Every structure is written in C-alpha cells, then in structure tokens.
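Novice: Protein chains in written order, with this note's numbering: chain A, 37 to 130; chain B, 21 to 215.
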Amino acid sequence: MQPKLPIHCPSCEQSLSVSQLSCTHCSTVVSGNYALPLLLQINEEEQNFVLQFLLSSGSLKEMASQLGNSYPTVRNKLDDLIQKINQLKTKSNP
Amino acid sequence: MKKIIINPFEKYAATTLLAVGLAAMLLGWAAGFYFNARFDGAIDLHFVEAVGVYDPLVDLVISIGITTLMLFGLGKYINRKTRLIDVLNASLMAKIPFYFLTVFNYNGHIFKTTEKLMTGVQENVLNAPDFSALLPILVFSLIALAALVLAIVLWYNGFRVATNAKGNKSVFLFVAALLVAEILSKVFISFIVSI
Numbered sequence: 037m038q039p040k041l042p043i044h045c046p047s048c049e050q051s052l053s054v055s056q057l058s059c060t061h062c063s064t065v066v067s068g069n070y071a072l073p074l075l076l077q078i079n080e081e082e083q084n085f086v087l088q089f090l091l092s093s094g095s096l097k098e099m100a101s102q103l104g105n106s107y108p109t110v111r112n113k114l115d116d117l118i119q120k121i122n123q124l125k126t127k128s129n130p
Numbered sequence: 021m022k023k024i025i026i027n028p029f030e031k032y033a034a035t036t037l038l039a040v041g042l043a044a045m046l047l048g049w050a051a052g053f054y055f056n057a058r059f060d061g062a063i064d065l066h067f068v069e070a071v072g073v074y075d076p077l078v079d080l081v082i083s084i085g086i087t088t089l090m091l092f093g094l095g096k097y098i099n100r101k102t103r104l105i106d107v108l109n110a111s112l113m114a115k116i117p118f119y120f121l122t123v124f125n126y127n128g129h130i131f132k133t134t135e136k137l138m139t140g141v142q143e144n145v146l147n148a149p150d151f152s153a154l155l156p157i158l159v160f161s162l163i164a165l166a167a168l169v170l171a172i173v174l175w176y177n178g179f180r181v182a183t184n185a186k187g188n189k190s191v192f193l194f195v196a197a198l199l200v201a202e203i204l205s206k207v208f209i210s211f212i213v214s215i
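(1) Residues of chain B with a CB under 9 Å from the CB of GLY68 (chain A): which are they?
(2) Less than 7 Å between C-beta atoms, sequence neighbours within five positions excluded: which residues of the same chain meet that for MET99 (chain A)?
(3) Under 9 Å Cβ-Cβ, which residues of chain E neighbour PRO108 (chain A)?
(4) Just the chain B side, please: which residues come within less than 8 Å of ASN105 (chain A) by C-beta, in chain order?
(5) Going by CA-CA distance only, name the one from B:ILE63, B:ARG100, B:ASN109, B:ILE105 that's closest to TYR119 (chain B).
(6) Can you list the residues of chain B that ASN122 (chain A) reaches, using a CB-CB cut of under 7 Å?
(7) For the 8 Å Cβ check, are there 3 or more pairs between the stretch 111-118 of chain B and the stretch 40-58 of chain B?
(8) Taking all protein chains shown into account, decide if SER214 (chain B) is buried (16 or more other Cβ within 10 angstroms of its Cβ) or exposed.
(9) For the beta strand (DSSP E) that contains TYR70 (chain A), what are its first and last residues?
(10) Taking Cβ to Cβ, would you say THR133 (chain B) is nearer than 7 Å to ILE163 (chain B)?
(11) Are the beta-carbon atoms belonging to SER47 (chain A) and ASN69 (chain A) less than 7 Å from one another?
(12) Please confirm whether ASN84 (chain A) has its beta-carbon closer than 7 Å to some beta-carbon of chain B.
(13) How many angstroms separate the CA atom of PHE53 (chain B) from the CA atom of LEU65 (chain B)?
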C-alpha cells in the first residue's frame, strides 16, 4: 500500500510543512522549513482530477466520458477546485 | 438507483437527457390527450372533461419554455457558465412525474368524482360525504403530493448541477423563479387559449 502524504496536522489540523528531506542513495539529510507546493496542499482525489485534466489535454468533455459523469458535474468540480486553489494561494501569499 | 431517479443530471450526458426528456414529453402529450389532462402551469396538472389534441402539447411547450427561460436567467446570474441545454433538461425531466399522474384519470374517474364533490359542496347537500367516493381522491392526492415533491427535487437537482449553485440564497432564488414561472405560464396559457 502506498502511504498517503499527510498535508494536515493530525493534532490541530493546520497545514503541515516539510522539515526534512533525505537522499535514499547517500543518506544525506536536509533540514529546514519548506512550505508544501500548492498542488500538494489539495487532497488526493483533487490531485488525481488535476492529473486527469492534464492527460485529457484540458478537455472537460473527454474527462466527463472517462469519469462516467456529465459535463456540468466535471465543470463544477473544476470550478470548485479553482476556487480552492485561489484560496490556498491567497493564504500562502497574503 | 435512487440517485438516478432523483438526480440523473450528475451522471448522464446532456444529449441523453434531452432525448429522454423530449421522448417523455411526447408520451406526456399522448397521456394528457388520452386521460383529459392539462399541464397548464410550471407545476400544475388539472383534469378536465375533454381536451383538444394539441392542448396538452401547447401547455407543455409553454410551461417548460417559460420555466427554462426563468431558470436560465437565474442560472446565468449565479454562474455565467450555465448552459441552456442543462436547464432545459432539468425542466423536461421534472415534468415526468406529472405524466404518470394522468393515468389516475382513466375514464375521467378523478374529474367526475371531484365534480360530484364540488357540486355537493356548492349546493350544500354534502352533509355526510360518501367515504367510498372520497377515498380515491385522498389516495390520488397523496400520490400527487409525492409526485410534486419528486418533480421539485428533480428540478432543483438539475438546476444545481447546471449552475453549481450552493447555499440557502440559491434555494430561495430557485423557489422564487419557479413561482414566477408558474404564474407567467398560467397567464400565458390562458391568453393562448382565449385567442
């Protein structure tokens, strides 16, 4: 099972940041405090949606038929995601 | 299954829903003619003594047309990406429960019973209403109420998917638009009938 990348603190539900990165080859460890990239701050389902959008060359019609949903359902999902990303952007760059 | 009945708009393509909605409208026209029903309003169904061949079709075209235009205007105000076909599909599909109700007037049954009751009330001779006459009307009223609820749920779900509407404000605006469409279609249909 592929472990999920946690994006929210299980204790206080605030956004998590990256504090340590390591090289699996030479075991070098980098410590610091890095904010998660915007696309990692959305949940897994939303990330898959973005990926699918990219793979279908941005065609919502094609996505709708692939996902077995109607066109307005897919468009609404995209609109909600755009709104969420805009909110995250404003939050990270006030 | 439940989701398909109350919200087919999330799953099915607009062209599929349009084909089903239009086919149902034609069947509704035939049922309206056969069972003497008028669809003279956005959320209306009346049984009469006799209908002309085209009366139910004119009712449906006007009521669906006016409701679609009202909800499309509101939809554009809520979300400028709203498409006419999605709102039209909501109006077409929401009418389906009304078509099923027409069969209850087989042989003019509901019309005759209500006429009898109304005459009794007007002549003040209905002191002890005949329960066997009232029972079919009561059963029909309950089924009609359930059909009305299903129609409005279908209408709102179709509108919500078409416009991505959220919150209480959009529910309030939807109800207001539906009521205005009901009044306008009623007025327009009686105007057409009078000329």
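Glycine is no exception: its CB is placed at the ideal position from the N, C-alpha and C atoms. Computed from a predicted structure; not experimentally measured.
Specialist: If we stick to the structure as given:
(1) The CB of GLY68 (chain A) never comes closer than 9 Å to any CB in chain B; the least such distance is about 39 Å.
(2) Contacts found: GLN88, PHE89, SER92, VAL110.
(3) In summary, chain E is missing from the structure at hand, where the protein chains are A and B.
(4) Within chain B, the C-beta atoms nearer than 8 Å to that of ASN105 (chain A) come from GLU30, LYS31, in chain order.
(5) Taking only the C-alpha atoms, the option nearest TYR119 (chain B) is B:ILE63.
(6) Per Cβ cutoff of 7 Å: no residues; ASN122 (chain A) is ~15 Å from chain B at best.
(7) Segments in contact, yes.
(8) SER214 (chain B) comes out exposed.
(9) In the DSSP assignment, TYR70 (chain A) falls within the beta strand (DSSP E) that extends over 65-71.
(10) Contact annotation: THR133 (chain B) and ILE163 (chain B) have beta-carbon atoms that are not nearer than 7 Å.
(11) Not closer than 7 Å, so no.
(12) The beta-carbon of ASN84 (chain A) is placed no less than 7 Å from the nearest beta-carbon of chain B.
(13) The straight-line gap from Cα to Cα measures roughly 13 Å.
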